[in-house]
Structures are given as C-alpha cells and as structure tokens.
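Below is one structure, written out as structure tokens; the observations come after it.
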Amino acid sequence: MLSKVIPALLFALAAAPTSAEVTLINPFHVPKSHEQAVLDHWEQARDFLVTQPGYISTSLHRSIQPNSQFHYINIAKWESDSHFKTAIAEMNKTLPPLKIPSVEFYPALYEVIRN
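Next comes the structure, spelled out in structure tokens:
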C-alpha cells in the first residue's frame, strides 16, 4: 500500500507550505480480494499517526453506492502541512510497506476557503 501511496503523497506534499490547518483527502480503489489487508494497514498507519505532533483527526469512509468512483476515502486533519509531512516521513521509516497490486491512491492536501 505504501509503495503505491508514497509517489502520490509526494505530489501532495509538493504544494506550497502553509501554517494553517490542512485536510488530507485521499480517495482510493481497493480490489475486493485485498480489502481486509488494506484496512488492517490503514489501522496501523492511523495508530501511528495519532501519536504524531500536529495530528487532529482522521476518518475512513466507505461508499454506500456500488457504482461510486471511489470505494474508500480517507480524510485527515492536521495542524499544518509541515506537521503532516513530518508525520508521513516518520511513518514511512517505521511501518513496513504493504505491496498490493492495483490499489490506487489519489491524495491531496486541502485548505478551507469557505465555511
């Protein structure tokens, strides 16, 4: 899983730095045959990330519509993009990568512009 997500996360991390709260929105595809392994790995990643400075929250969403473009979307909030970048770098040093073919991630960092 991480071997596929790292290039996508690097793209998300290339955005201009901000000191304001950021939201990671990461929709992804998982083949049915690998759902449990990916969910287990997501939980390991979450358990690590909640211990990192700047972490606010995370939630994993599953579509209730079978024809949706993405079956899973991870949404995480961080105090800043620098906190997020540091946490991901530490996680990549700590957690072993989960290599599952055909898992596709589309992560990006967002800032709130309207409420």
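Going left to right, the sequence shown walks through residues 1 to 115 as the UniProt record's numbering numbers them. C-beta: ideal position from N, C-alpha, C; glycine also. Keep in mind the model is a prediction, meaning the values are calculated, not measured.
Best match in the options for proximity to residue i [C-alpha to C-alpha]
i    : options                : result
S82  : Q44, T58, P53 and E104 : P53
F84  : P96, R46, A37 and P97  : R46
Y106 : A20, N67 and I25       : I25
P96  : F48, S19 and S33       : F48
T23  : A108, N115 and R114    : A108
S19  : K93, S80 and S57       : S80
L55  : T86, L39 and K93       : In the sequence as presented, Leu is not what sits at residue 55; that position holds Tyr. Minimum Cα distance to Y55 is reached at T86.
E90  : Y110, E21 and V50      : V50
N92  : Q44, I113, K32 and E21 : Q44
Buried versus exposed call for residue i [16 or more other C-beta atoms within 10 Å across all chains shown]
i    : result
V103 : buried
I88  : buried
6 Å CB neighbourhood of residue i in its chain, flanking five on each side removed
i   : result
I73 : P27 and H61
H34 : I100
K77 : T23, I56 and S57
Close-in-space but distant-in-sequence residues of the same chain around residue i (CB under 7 Å, 5 per side omitted)
i    : result
H71  : H29, V30, R62 and S63
S59  : I75
A37  : L98 and I100
L39  : none
N115 : none
Spatial neighbours of residue i in its chain, beta-carbon cut-off 8 Å, leaving aside the 5 residues before and after
i   : result
Q69 : P27
heavy atom of the ligand ADP below 6 Å from residue i C-beta
i    : result
S102 : Because no ligand of any kind appears in the structure shown, any question about the ligand ADP cannot be addressed here.
Whole runs of the beta strand (DSSP E) within the segment 29–98, excluding any shorter than 3 residues: 55–62 and 72–78
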